[in-house]
Amino acid sequence: DEHLDLDDGRWEDIHVVTGALKLFFRELPEPLVPFGHFDKFIAAIKMQDPTRRGRCVRDLVFSLPPAHHDTMKVLFRHLSRVIEYKEENRMSVQSIAIVFGPTLLRPASEEGNMAMHMVFQNQVVEHILNQYGYIFPD
Numbered sequence: 017d018e019h020l021d022l023d024d025g026r027w028e029d030i031h032v033v034t035g036a037l038k039l040f041f042r043e044l045p046e047p048l049v050p051f052g053h054f055d056k057f058i059a060a061i062k063m064q065d066p067t068r069r070g071r072c073v074r075d076l077v078f079s080l081p082p083a084h085h086d087t088m089k090v091l092f093r094h095l096s097r098v099i100e101y102k103e104e105n106r107m108s109v110q111s112i113a114i115v116f117g118p119t120l121l122r123p124a125s126e127e128g129n130m131a132m133h134m135v136f137q138n139q140v141v142e143h144i145l146n147q148y149g150y151i152f153p154d
């Protein structure tokens, strides 16, 4: 049983904690959104009808394996709280999506247009953040 002393001076720099969180998700053998779901999420975010897009993304999140779904719920709740303080920390929904999009949602192989993938990856994260209450209705 390890104990992490959050009062230790090493944790005063929020960038250290944030970097560790991003590194953790980036180093997972399979991302938070499993490889097999990547194309489905990208197709969903491209839907023109906002109601249909919202329902499809919600259903895809619900279809994730339990560990992925539950981790996503906790992580996005935390990120939503970070966004509540955007005036102080300059981390808007868009900023969070840019930072976490490619880390949480990536294709199995980097074939095709990486720049276009990144746009859609960010849009998926932004959508889930903006629709958190609808997607995760406690």
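Here the working numbering = 1-based position in the sequence shown + 16.
Quick reminder that beta carbons are idealized off the backbone N, C-alpha and C, glycines included.
Because the structure is a prediction, the values reported are computed rather than measured.
- Query: M107 to I99, Cα distance in whole Å?
  - Reply: As a position in the sequence shown, residue 107 is number 91, starting the count at 1. As a position in the sequence shown, residue 99 is number 83, starting the count at 1. Looking at the two C-alpha atoms, the distance is approximately 6 Å.
**Prompt:** Would the beta-carbon of L145 fall within 9 Å of that of I112?
**Reply:** Position 129 of the sequence shown holds residue 145. Position 96 of the sequence shown holds residue 112. Result yes, Cβ atoms of L145 and I112 sit closer than 9 Å.
Taking 8 Å as the cut-off, does the stretch 22–39 touch the stretch 55–72 (at least 3 CB pairs, one atom from each stretch)?
No, the stretch 55–72 does not touch the stretch 22–39.
### Task
Report the option in E142, N138, G35, H84 whose CA atom is closest to the CA atom of E46.
By 1-based counting over the sequence shown, the position of residue 46 is 30. Selected option, being the one with the closest Cα: H84.
Would you mind reading off the limits of the alpha helix (DSSP H) that contains Q139? Counting from one through the sequence shown, the residue named residue 139 turns up at place 123. Counting along the chain, the alpha helix (DSSP H) containing Q139 begins and ends at 130–146.
Can you check DSSP and say which residues form a bridge with L37? The count along the sequence shown starts at 1 and reaches residue 37 at position 21. Answer is none; L37 lacks a bridge partner.
Check your understanding: Excluding sequence positions up to five away, which residues of its chain have a Cβ less than 8 Å from the Cβ of S79?
Key -> As a position in the sequence shown, residue 79 is number 63, starting the count at 1. So the list reads H53, once near-sequence residues are dropped.
Leaving out the 5 sequence neighbours to the left and right, which residues in its chain are closer than 8 Å to L95 when beta-carbon positions are compared?
To locate residue 95, count along the sequence shown from 1; it is residue 79. Within the same chain, L95 has close Cβ partners I112, F116, L145.
Let's see if you can read the secondary structure: which residues bound the alpha helix (DSSP H) around F92?
Taking the first residue of the sequence shown as 1, we reach residue 92 at position 76. Annotation for F92: the continuous alpha helix (DSSP H) segment containing it runs 82–100.
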